[in-house]
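Below is one structure, written out as structure tokens; comments come after it.
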Amino acid sequence: MSAAIQVDSLNKTFGRKQALHGLSLAVKPGEMVALIGASGSGKSTLLRHVAGLARCDKSVTGNIQVLGRPMQDCGRLSDEVRHLRADIGYIFQQFNLVGRLSVLHNVLLGCLGRMPRWRGSLGMFNSEERQRAQESLERVGLGDLAAQRASTLSGGQQQRVAIARALCQRAEVILADEPIASLDPESARKVMEILADINSRDGKTVVVTLHQVDYAARYCKRAVALKAGRIHFDGSTEQLNPDFLNDLYGAELDTSLLLPGIEARAKQYQQPLALVKA
Amino acid sequence: MTTLNPAVNAQATAKQSWLKLFMWGGVIALLAWSWNGAEMNPFGLIRDSGNMATFASDFFPPDFSHWHLYLKEMVVTVQIAIWGTAMAIVCAIPLGILCSENIVPWWVYQPVRRVMDAFRSINEMVFAMLFVVAVGLGPFAGVLALFIGTVGVLAKLFAEAVEAIDPGPIEGVRATGASALQEVIFGVIPQVLPLWISYSLYRFESNVRSATVVGMVGAGGIGVILWESIRGFQFQQTCALLIVIIVVVSVIDILSQRLRKLFI
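As they're listed, the protein sequences go chains A and V. Using my numbering, read the first sequence as starting at 21 and increasing by one per residue. Using my numbering, read the second sequence as starting at 135 and increasing by one per residue.
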């Protein structure tokens, strides 16, 4: 079976700083993968490239395929990029809802990629699409807020609306870029539960970038760690241990904060890392 | 951050005060330079104050004997402003988007902006004279004159609103597979709509004021009879006309301001 996401030797340079170094990655259909790494390690950049929201460097090789179809090649977006984006649901850290539109209308925007252009541009959504949007909202537990303006919702609710938009979009691949980084713990838990449910129940491929390694360990089987634009680790989240994380985050973090869920494992290392750094 | 070294601080302050002095010198020099060109003559005001008083007294009491004509023409004036503004809004929406550097590439927004600059830089009165030649005497020439000028202004104001938006929602819409046009319709317009409405109403207010004068060159509205009364030295009628203009323009300003507050 072909990969849901196939990235081959991707390079990206911002000005003089190279953010991604010949990065290659394959994600199988139905996987739930956590992308972890320190700030600036390139995980968000990678995700934006997969969604075709950014273009890789022109001069060198670099190729991304999603669902077996080309997304970009050597710095050129595919001509079919808008069609392909319809199959990719993207969740942003800052939700990126249209604040002045109603919650339901925001979810309906997910239909734009799959309806005739003229009808989409006029905002003429039919009853089947409205039905689907309402169902998506109910699935994320916000069915009764459909008529409210999106800007009146809390951050956690807005993020769930964004997920409903991806559901309404019927995306095969969900890319979530720091979906819980600006949420409180309870909202974060809800958002991660919904993403995990979409993965397990609907069989959608989910790639999620996370700061919180404990969330990665709890919700994802596979983790890919980036460090300075290169893949530093790719394997089961069970292999993540404090030593490794210290290495990944440059030994500047209190790993007991990063990974409270596996503190027991930390004890085996005899070394109270939290105290060393304190 | 403040510098701890007092010597460096003193130096910086001295440099600043020199700069200030230089700037004020520049302003004074500019005013002096313009004095002669503008033939400034404040003493004339005092010397001829007697004439002015006689002239002013000719305006009173205002002569409202033709008030129904004035009112009718004032309504036409407002109608000119309504159509001039409405047509301008319709055209300024796409042109405003095409002037925004965060939406279109430079080779689109630069030429469009220059054309809008040209529309703005020429006064309505000039366009009114030109359109009177083109479409004949009457209010329609006034509508076209206001339309051109207002397109130039609104496109610029609309573009400024667009350039200040949050790019996040646009990307959110783009990620769903929407077309470029749909990104603008759903990602941009909802964000700028309140400002756009406010700017449009403001322009309508100023267009009512402008519409009162385009008639002077034959482009319809109350300006036609205003010009005739001035040329015929019928200053009491002129006074009545001015009062009608002041009242109607003020009422429209107040209403429009109320309306604008709702949108901001």
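We treat Cβ as the ideally placed atom computed from N, Cα and C, and that holds for glycine.
{"Asked": "Leu265 of chain A - DSSP class collapsed to helix/strand/coil", "Found": "helix"}
{"Asked": "Beta-carbon spacing of Lys247 of chain A, Leu215 of chain A below 8 Å", "Found": "no"}
{"Asked": "Inter-stretch contact at 8 Å, needing at least 3 Cβ pairs: the segment 288–305 of chain V / the segment 315–329 of chain V", "Found": "yes"}
{"Asked": "Paired residues, beta bridge with Ala196 of chain A - DSSP", "Found": "A:Ile111, A:Val228"}
{"Asked": "Three CB pairs or more closer than 8 Å across the segment 165–173 of chain V and the segment 340–351 of chain V", "Found": "no"}
{"Asked": "Neighbour flag for Leu232 of chain V against chain A, beta carbons, 8 Å", "Found": "no"}
{"Asked": "Reduced DSSP category for Pro90 of chain A - H, G, I as helix; E, B as strand; rest coil", "Found": "strand"}
{"Asked": "Supposed close pair Gly95 of chain A, Asp77 of chain A - CB separation, criterion 8 Å", "Found": "6 Å"}
{"Asked": "Proximity to Phe34 of chain A [Cα-Cα], best of A:Gly161, A:Gly249, A:Phe264", "Found": "A:Gly249"}
{"Asked": "Span of the beta strand (DSSP E) around Ala245 of chain A", "Found": "242–247"}
{"Asked": "For Leu232 of chain V and Ile380 of chain V, the rounded distance between their alpha carbons", "Found": "37 Å"}
{"Asked": "Extent of the continuous alpha helix (DSSP H) to which Val385 of chain V belongs", "Found": "369–397"}
{"Asked": "Inter-residue Cα distance where the pair is Gly72 of chain A and Leu66 of chain A", "Found": "10 Å"}
{"Asked": "C-alpha distance - Leu293 of chain A paired with Ala24 of chain A, whole-angstrom precision", "Found": "With a pLDDT of only 42 at Leu293 of chain A, under the threshold of 50, the placement of this residue in the model should not be trusted, and no figure is reported."}
{"Asked": "Under the three-state DSSP convention, the category Ile25 of chain A falls into", "Found": "strand"}
{"Asked": "Within-8 Å CB hit, Ile319 of chain V to chain A", "Found": "yes"}
{"Asked": "Given 8 Å, three or more beta-carbon pairs between the segment 205–215 of chain A and the segment 117–128 of chain A", "Found": "no"}
{"Asked": "Sequence ranges, alpha helix (DSSP H) only - wholly within the segment 292–335 of chain V, length at least 4", "Found": "301–308"}
{"Asked": "Proximal chain V residues relative to Val118 of chain A, where beta-carbon distance stays under 8 Å", "Found": "Pro303, Gly306, Val307, Phe320, Gly321, Pro324, Gln325"}
{"Asked": "Interfacial residues, the segment 81–110 of chain A to chain V, with Cβ spacing under 8 Å", "Found": "Arg102, His103, Leu104, Arg105, Ala106, Asp107, Ile108, Gly109, Tyr110"}
{"Asked": "3 or more residues per run - each beta strand (DSSP E) lying fully within the segment 160–205 of chain V", "Found": "none"}
{"Asked": "Beta-carbon neighbours of Val73 of chain A, restricted to chain V and to distances below 8 Å", "Found": "Correcting the residue identity first, residue 73 of chain A is Leu in this sequence and not Val. Per Cβ cutoff of 8 Å: Glu305, Arg308, Ala309."}
{"Asked": "The ligand ADP heavy atom lying under 7 Å from the CB of Asp107 of chain A", "Found": "As far as ligands go, the structure on display features none, and thus does not contain the ligand ADP."}
{"Asked": "Leu129 of chain A versus A:Met52, A:Ile183, A:Pro90, residue with shortest Cα-Cα distance", "Found": "A:Ile183"}
{"Asked": "Beta-carbon contacts of Arg394 of chain V that lie in its chain and below 8 Å, excluding the five residues immediately before and after", "Found": "Ile331, Ser332, Leu335, Tyr336"}
{"Asked": "Short CB-CB distance (under 8 Å) between Ser313 of chain V and chain A", "Found": "yes"}
{"Asked": "Euclidean distance between Cα positions of Ala46 of chain A and Ile200 of chain A", "Found": "24 Å"}
{"Asked": "Residue(s) in a DSSP beta bridge with Val47 of chain A", "Found": "A:Ile25"}
{"Asked": "Among A:Ala106, A:Pro90, A:Asp107, the one whose alpha carbon lies nearest that of Asp99 of chain A", "Found": "A:Pro90"}
{"Asked": "Where Phe145 of chain A meets chain V, residues with beta-carbon distance less than 7 Å", "Found": "Here the premise fails: no neighbours, minimum Cβ distance about 12 Å."}
{"Asked": "Distance between Glu297 of chain V and Ile223 of chain V (C-alpha atoms, nearest Å)", "Found": "18 Å"}
{"Asked": "Where the alpha helix (DSSP H) containing Leu66 of chain A begins and where it ends", "Found": "63–70"}
{"Asked": "Exposure label - Glu299 of chain A; buried when at least 16 CB within 10 Å", "Found": "Outside the modelled stretch of chain A, which goes from 21 to 298, sits residue 299 of chain A, for which no answer is possible."}
{"Asked": "Ala54 of chain A vs Ala243 of chain A beta-carbon contact at 8 Å", "Found": "yes"}
{"Asked": "Leu40 of chain A, DSSP secondary structure in three states", "Found": "strand"}
{"Asked": "Beta carbon proximity, Phe34 of chain A to chain V, threshold 8 Å", "Found": "no"}
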